[in-house]
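Residue numbers (the working numbering): 28 to 153.
Note that the Cβ used here is the ideal one computed from N, Cα and C, for glycine as well.
Keep in mind that this is a model prediction, so the values were computed, not measured.
Here it is in structure tokens:
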């Protein structure tokens, strides 16, 4: 490496998590009443805030709701980590530029693992 070479650290990203108990990525997208928002970098995942949303699945039949508010609530997030999600909401989130990952793990492990994979994909696409 020469003296003129500047190495930029990987950027921070925001990752949303659907969690029943705020410890695990264990909530189905359609049942989530809030998303936990984390700022993530190569070293840590820092909790920022809870973002309340209307559950996508509602009523006794669990019919679908409107996705527009949930997508707007996640618009600054790179990804959403959920235990499960249906094909339609997953497709709509991906169209909005939000990567969807189905995972069951502790939140910190899940978001740091996602970040590591995201950085690898970002480097490969350069």
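Residues in the same chain with beta-carbon distance under 6 angstroms from residue i, minus the five sequence neighbours each way, listed in chain order, please.
i          : result
residue 40 : 67, 105
Looking only at its own chain, which residues have a Cβ that is under 7 angstroms from the Cβ of residue i, when we skip the five neighbours before and after it?
i          : result
residue 53 : 46, 47, 110, 131
Below 9 angstroms between beta carbons: does that hold for residue i and residue j?
i           : j           : result
residue 102 : residue 125 : yes
residue 80  : residue 138 : no
residue 134 : residue 51  : yes
residue 56  : residue 122 : no
With DSSP collapsed to three states, give me the class of residue i.
i           : result
residue 64  : strand
residue 146 : helix
residue 107 : strand
residue 79  : strand
residue 43  : strand
residue 130 : coil
residue 58  : helix
Counting along the chain, where does the alpha helix (DSSP H) carrying residue i start and finish?
i           : result
residue 116 : 114-122
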